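First residue of the sequence shown? That's 2 in my numbering, and the numbers climb one at a time after it. A virtual CB, placed ideally from N, CA and C, is assigned to each residue, including glycine. Small disclaimer: the values here were computed from a predicted structure and weren't measured. Report on the structure given below.
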Amino acid sequence: MREKNDIFKLLDGMGIKRGVSMKEYTSFKVGGDAFAMVEPRCAEDICYAQRAAAECGLDAVTVGNGTNLLVSDNGIDALVIRIGEKMSLIEIDGTCVRAGAGVLLGRLSKKTIAAGLMGLEWASGIPGTLGGAVAMNAGAYGGEIGGLVKCLRCVSDGEPVEYTPCAGDFGYRTSTFRAPRHIVCEVELELLPDDGHAAERMNEYTAMRKQKQPLSYPSAGSVFKRPEGFFAGKLIEEAGLKGLSIGGAQVSELHAGFIINTGGATSEDVLSLIYIIQKRVFEMSGVMLETEIQYIGG
Numbered sequence: 002m003r004e005k006n007d008i009f010k011l012l013d014g015m016g017i018k019r020g021v022s023m024k025e026y027t028s029f030k031v032g033g034d035a036f037a038m039v040e041p042r043c044a045e046d047i048c049y050a051q052r053a054a055a056e057c058g059l060d061a062v063t064v065g066n067g068t069n070l071l072v073s074d075n076g077i078d079a080l081v082i083r084i085g086e087k088m089s090l091i092e093i094d095g096t097c098v099r100a101g102a103g104v105l106l107g108r109l110s111k112k113t114i115a116a117g118l119m120g121l122e123w124a125s126g127i128p129g130t131l132g133g134a135v136a137m138n139a140g141a142y143g144g145e146i147g148g149l150v151k152c153l154r155c156v157s158d159g160e161p162v163e164y165t166p167c168a169g170d171f172g173y174r175t176s177t178f179r180a181p182r183h184i185v186c187e188v189e190l191e192l193l194p195d196d197g198h199a200a201e202r203m204n205e206y207t208a209m210r211k212q213k214q215p216l217s218y219p220s221a222g223s224v225f226k227r228p229e230g231f232f233a234g235k236l237i238e239e240a241g242l243k244g245l246s247i248g249g250a251q252v253s254e255l256h257a258g259f260i261i262n263t264g265g266a267t268s269e270d271v272l273s274l275i276y277i278i279q280k281r282v283f284e285m286s287g288v289m290l291e292t293e294i295q296y297i298g299g
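Here's what the structure looks like:
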């Protein structure tokens, strides 16, 4: 077994960084430092980074654009493998779209519409990456990414593997292609020819987001999954929690399903607010809200 700090020698050729502030890599803008971070260029890089971390006695934690993450104030004592711009290739052949897991959904949506395709209009305002979207089966306005996936390449149990999705692989805000067992690297989507209104729909969805969501503040989007038969934001509002603050974390007054960072929020502030929301909503309605955001570190 190597020493912990040997990771910087082993991954020097991949541009490894030491003591990275996760505030800079998450949309919530909260959380402590990661021990180390590396940004791979391909599936083979991910495999090598995982093996190097194991040799040095380190856990390896995979993140995307950090739009669905809440990082502990204590940081992440691990190697963070960030799937980003270095894995953002887009290739379009007819209605088939092949893209790297690090491409931003908004960019991919615009690119496919410009190529005369439809199916990703709903994704235009979602700030996450394609890999993260597949892992959690992201969706909005009646669309979901899972129904568009033709095949995908992952690192699974330390090896590059190709999958053709089966029935049951995608559920509501979840999929079988989630870390740590599976890390999405590349995705092939099957879209449809534009019916002539794709750009119009994309612009409409983007305008609706700007009107209804608190996009001017750091947040991680919708904090809670939609409970069956209810809307999380409505339940929170009915519980009288709009505007409730703990430290720098606040239940948005524009959309109660969002927790925003009004300035200087800590991860502990956000967690405390989540607990109060869950408790109050359960007392008022009998519904236990389940978080959509992921908490890492500690």
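In the structure shown, F36 falls within a strand segment according to DSSP collapsed to helix, strand and coil.
Burial check for C97: the Cβ neighbour count within 10 Å stays below 16, so the residue is exposed.
For S157, the enclosing beta strand (DSSP E) stretches over residues 150-157. Residue environment: N66 is assigned as buried (16 or more neighbouring CB atoms within 10 Å of its CB, all protein chains considered). If you draw a straight line from the Cα of L12 to the Cα of R19, it is about 11 Å long. By alpha-carbon distance to G147, the top candidate from E284, L192, A180 is L192. Contact between the segment 193-204 and the segment 113-124 is established, with three or more Cβ pairs separated by less than 8 Å. Secondary structure at R19: strand, using DSSP grouped into helix, strand and coil.
The C-beta distance from I8 to A44 rounds to 20 Å, too long to fall under 8 Å, and the pair is not in contact. Under the three-state reduction of DSSP, F259 is assigned to strand.
By the beta-carbon neighbour count (other beta carbons within 10 angstroms, threshold 16), T68 is buried.
For Y164, same chain residues with a beta-carbon under 6 Å away, outside a window of 5 residues either side, are L153 in chain order. Shown here for F225: same chain residues with a beta carbon closer than 7 Å to its own, the five before and five after excluded, namely A233, G258, L290, E291, T292, E293 in chain order. Collapsing the DSSP output to three states places L105 in a strand.
The three-state secondary structure of D196, taken from DSSP, is coil.
Taking 3 residues as the shortest admissible run, the segment 40-120 contains the following complete beta strand (DSSP E) segments, listed from N- to C-terminal end: 61-64, 70-72, 77-83, 91-94, 97-101. By a beta-carbon distance limit of 8 Å, V31 contacts V72. Their separation comes to about 7 Å. An exposed status is given to G264, since fewer than 16 other beta-carbon atoms sit within 10 Å of its beta-carbon. G132: member of the alpha helix (DSSP H) spanning 131-137, first to last residue. If you draw a straight line from the Cα of A139 to the Cα of R174, it comes to about 6 Å. For G222, the enclosing beta strand (DSSP E) starts and ends at 220-223. At the C-beta level, V64 and V135 stay beyond 8 Å of one another. Burial state of L90 is exposed, judged by a 10 Å Cβ sphere holding fewer than 16 other Cβ atoms. By the CB criterion at 8 Å, S286 and I260 fall outside the cutoff. Out of G16, I277, A180, the CA that lies nearest to the CA of A240 is found in I277.
The beta carbon of F171 is closer than 6 Å to those of N138, G147 in its chain, skipping five residues each way along the sequence. A buried status is given to E40, since no fewer than 16 other beta-carbon atoms sit within 10 Å of its beta-carbon. Residue pairing by DSSP leaves I278 without any beta bridge partner.
When DSSP states are grouped into helix, strand and coil, L11 belongs to the helix group.
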